[in-house]
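**Q**
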Amino acid sequence: MNYILSDGYHREDLFPFTFTRPVAEIRTGILTISEKWEKWLDASVSFKTEEYLSEKFPMTVAAQNIVINGSYLPNKALVNAVQNLKLGEALMDGDEYIAYATTEPETAFDVPHFTTINFDYEVLTIKSTWDIFSKNAEALQADFDVLTEGKISQPISNTNQVAYPENIFIEEGATVEFCILNASTGPIYIGKNALMMEGCMVRGGLALCENAILKMGAKIYGAVTAGPGCKLGGEVNNAVLFANSNKGHDGFLGNSVLGEWCNIGADTNTSNLKNNYAEVRLWNYRTGGFAKTGLQFCGLMMGDHSKCGINVMFNTGTVVGVSANIFGSGFPRNFIPSYSWGGATAGYTTFKTNKAFEVATAMMKRRNVEFDEKEAKILQHVFEFTQKWRNF
Numbered sequence: 032m033n034y035i036l037s038d039g040y041h042r043e044d045l046f047p048f049t050f051t052r053p054v055a056e057i058r059t060g061i062l063t064i065s066e067k068w069e070k071w072l073d074a075s076v077s078f079k080t081e082e083y084l085s086e087k088f089p090m091t092v093a094a095q096n097i098v099i100n101g102s103y104l105p106n107k108a109l110v111n112a113v114q115n116l117k118l119g120e121a122l123m124d125g126d127e128y129i130a131y132a133t134t135e136p137e138t139a140f141d142v143p144h145f146t147t148i149n150f151d152y153e154v155l156t157i158k159s160t161w162d163i164f165s166k167n168a169e170a171l172q173a174d175f176d177v178l179t180e181g182k183i184s185q186p187i188s189n190t191n192q193v194a195y196p197e198n199i200f201i202e203e204g205a206t207v208e209f210c211i212l213n214a215s216t217g218p219i220y221i222g223k224n225a226l227m228m229e230g231c232m233v234r235g236g237l238a239l240c241e242n243a244i245l246k247m248g249a250k251i252y253g254a255v256t257a258g259p260g261c262k263l264g265g266e267v268n269n270a271v272l273f274a275n276s277n278k279g280h281d282g283f284l285g286n287s288v289l290g291e292w293c294n295i296g297a298d299t300n301t302s303n304l305k306n307n308y309a310e311v312r313l314w315n316y317r318t319g320g321f322a323k324t325g326l327q328f329c330g331l332m333m334g335d336h337s338k339c340g341i342n343v344m345f346n347t348g349t350v351v352g353v354s355a356n357i358f359g360s361g362f363p364r365n366f367i368p369s370y371s372w373g374g375a376t377a378g379y380t381t382f383k384t385n386k387a388f389e390v391a392t393a394m395m396k397r398r399n400v401e402f403d404e405k406e407a408k409i410l411q412h413v414f415e416f417t418q419k420w421r422n423f
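When we follow the numbering used here, the leftmost residue of the sequence shown carries the number 32, and every step to the right adds one.
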């Protein structure tokens, strides 16, 4: 069977992260959603997504296909139900499809053409930006169980202070010395060739993914994910960094999500709680307004390739788009559109694509990744699509 992950109904609710990737390329827990499905299915997957993303994330079509809603995270019951689908059948969660079997995956899903089967079991879903961090603990535990089953961890050095070592897994090539590791509140996963510098204090869960670095003296708690190639330091609580992003210095990052190729300047702080303890509202691109999150704690949502200078203060529930550059004193606005250049004091101008692409090229080169034509086309499309929000 050929498996395809679609964007489903919530792509716009997951902006700015899905400006530059399919829904299933979001990381939560240890793995991206697509990596989770590949692990559970023991098969490769492709993507049904927007045309401008399809060159980088193509779709593979076969005689028989199962299209899976990328907002749904796999578990044993769901995978079993998906694998048992026959052509013309659709697995449903109320009015929303979870998966359907078809010979024509390019065609939009239409309920009357399918025999529907309701899925009555619990399943994790990512349907809003704040789901990424608020469900990270559950996703991390699920990934930890799958990735470590039947495997033996590398030994934990006796230079470390450790609680609940059975909940700690260290992959080959990882280095962890002179740290405090408390896995009583969640698993600690340290990926291949990851580095945890001396003096780090970690209260699980934590996913320090492949080639990621936890800087000296970092304070980590509340289900944190540092994706592949990320650098993380300071105080971090319940945050997810997708990949190759840096928050390497002192400062607080809490209840937040950073995409890829982001950089947070030294001593930058994110507020994750309003002074009046009220529910946090967060910018929603679909509605063009601020949406209720149902959360008391919510910090920063920052899209790919965005940066901020030193000592920036982000207000509670701030959304930053793609390729923005924020600096200066004072609190910036709660919604900063893609390709914004400036801050609270100086105001904003448009960050031109030629300059933005120069920065992206330089940063990616440091990780030995080429800024290629596919990436440039995606970012150019995002620049044009998001023009309507840049009212400078």
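From the three backbone atoms N, C-alpha and C, an ideal C-beta is built for every residue, glycine too.
Owing to the predicted nature of the structure, the values given are computational and were not obtained by experimental measurement.
To the nearest whole angstrom, what separates the beta carbons of Phe-382 and Thr-392, a pair I think is in contact under 8 Å?
**A** Not a contact, Cβ separation roughly 14 Å.
**Q** In whole angstroms, what separates the C-alpha of Tyr-152 from that of Ala-108?
**A** Cα to Cα, Tyr-152 sits roughly 7 Å from Ala-108.
**Q** Which residues does DSSP list as the beta-bridge partners of Asn-294?
**A** Paired residues: Asn-277 and Lys-338.
**Q** Assuming Asn-286 contacts Met-344 (C-beta within less than 8 Å), just tell me the rounded distance between them.
**A** The Cβ separation is near 16 Å, so there is no contact.
**Q** Per DSSP, Thr-392 forms a beta bridge with which residues?
**A** DSSP output for Thr-392 lists no bridge partner at all.
**Q** Do Glu-229 and Glu-197 have their beta-carbon atoms positioned less than 8 Å apart in this structure?
**A** It is not a contact, given that the beta carbons lie outside the stated cut-off.
**Q** Who are the near neighbours of Lys-250 in its chain, counting only those whose CB is closer than 6 Å to its CB and skipping five residues on each side?
**A** Once the five neighbours on either side are set aside, the close Cβ partners of Lys-250 are Met-232 and Glu-266.
**Q** Taking Gly-359 as the reference, which of Thr-347, Gly-352, Gly-374 and Phe-328 has the closest Cα?
**A** Ranking the options by Cα distance to Gly-359, first place goes to Gly-374.
**Q** Tell me the residue span of the beta strand (DSSP E) that contains Ile-129.
**A** First-last of the beta strand (DSSP E) with Ile-129: 127-133.
**Q** Leaving out the 5 sequence neighbours to the left and right, which residues in its chain are closer than 6 Å to Gly-361 when beta-carbon positions are compared?
**A** Ala-375 and Thr-376, listed in sequence order.
**Q** Can you list, in chain order, the residues of its chain whose CB lies under 6 Å from that of Ala-121, leaving out five sequence neighbours each side?
**A** Same-chain partners within the cutoff: Tyr-128, Tyr-131, Phe-145 and Thr-147.
**Q** Thinking Ser-37 and Val-98 are a contact (beta carbons under 8 Å), I'd like their distance in whole angstroms, please.
**A** Yes, they are in contact, since the Cβ atoms of Ser-37 and Val-98 sit about 5 Å apart, within 8 Å.
**Q** Please look up how many angstroms separate the CB atoms of Asn-277 and Gly-253, rounded, as I've assumed it's under 8 Å.
**A** About 20 Å; that fails the 8 Å criterion.
**Q** Is the separation between the beta-carbon of Arg-42 and that of Phe-273 shorter than 8 Å?
**A** No, these two residues do not count as a Cβ contact at 8 Å.
**Q** According to DSSP, which residues form a beta bridge with Asp-124?
**A** Answer is Glu-127.
**Q** Are the stretch 166-182 and the stretch 202-221 in contact at 8 Å, needing three or more beta carbon pairs?
**A** They touch, by the three-pair rule.
**Q** Let me confirm a value: Asp-141 is counted as buried when at least 16 other C-beta atoms fall within 10 Å, else exposed. Which label applies?
**A** When all chains shown are included, Asp-141 counts as exposed.
**Q** Give the DSSP bridge partners of Met-232, in chain order.
**A** According to DSSP, Met-232 bridges with Ile-211 and Lys-250.
**Q** In angstroms with no decimal places, state the Cα-to-Cα distance between Val-154 and Lys-166.
**A** When rounded, the distance between both Cα atoms is 11 Å.
**Q** What is the residue span of the beta strand (DSSP E) that Ile-199 lies within?
**A** Note, Ile-199: beta strand (DSSP E), 199-201.
**Q** Roughly how many angstroms lie between the CA atoms of Phe-366 and Ser-188, to the nearest whole one?
**A** Straight-line Cα distance between these residues: approximately 45 Å.
**Q** Once you ignore the five residues that flank Glu-69 on each side, which residues in its own chain have a CB closer than 7 Å to its CB?
**A** Cβ neighbours of Glu-69 beyond the five flanking positions: Ser-75 and Val-76.
**Q** Does Tyr-103 come out as helix, strand or coil in the three-state DSSP assignment?
**A** If DSSP states are grouped into helix, strand and coil, Tyr-103 belongs with the strands.
**Q** Which same chain residues end up closer than 6 Å to Leu-284 when comparing Cβ atoms and leaving out the 5 residues on each side of it in sequence?
**A** Excluding residues within five positions, the ones whose Cβ falls inside 6 Å are Val-267, Ala-270, Lys-278 and Thr-301.
**Q** How big is the Cα-Cα spacing for Tyr-308 and Val-92?
**A** Roughly 50 Å separates the two Cα atoms.
**Q** Asn-385 by DSSP, collapsed to three states: which one?
**A** Three-state result, Asn-385: helix.
**Q** Per DSSP, Trp-71 is paired with what?
**A** Beta-bridge pairing links Trp-71 to no other residue.
**Q** In chain order, what residues of the same chain lie with their CB nearer than 6 Å to the CB of Arg-52, ignoring the 5 residues before and after it?
**A** Excluding sequence neighbours, Arg-52 sits near nothing in its chain.
**Q** Return the CA-CA distance between Leu-62 and Glu-241, expressed in angstroms with no decimal places.
**A** Between Leu-62 and Glu-241, the C-alpha separation is close to 11 Å.
**Q** If I'm right that Gly-60 touches Ala-238 with Cβ under 8 Å, what's the distance once you round it to whole angstroms?
**A** 7 Å between Cβ atoms; contact.
**Q** Between which two residues does the alpha helix (DSSP H) carrying Phe-321 extend?
**A** Per DSSP, Phe-321 belongs to no alpha helix (DSSP H); it is in the beta strand (DSSP E), 320-323.
**Q** Considering Val-353, what are the terminal residues of the beta strand (DSSP E) in which it resides?
**A** Looking at the DSSP string, Val-353 is not in any beta strand (DSSP E), and its letter there is neither H nor E.
**Q** Identify the residues that DSSP records as bridge partners of Ala-194: which are they?
**A** Answer by DSSP bridge pairing, in chain order: Asn-213.
**Q** Does the distance from the C-beta atom of Gly-296 to that of Ile-341 stay below 8 Å?
**A** It is a contact, given that the beta carbons lie within the stated cut-off.
**Q** Of all the alpha helix (DSSP H) runs that stay within the bounds of the stretch 157-197, which reach a length of 4 or more residues?
**A** 160-165 and 167-179, all fully within the stretch 157-197.
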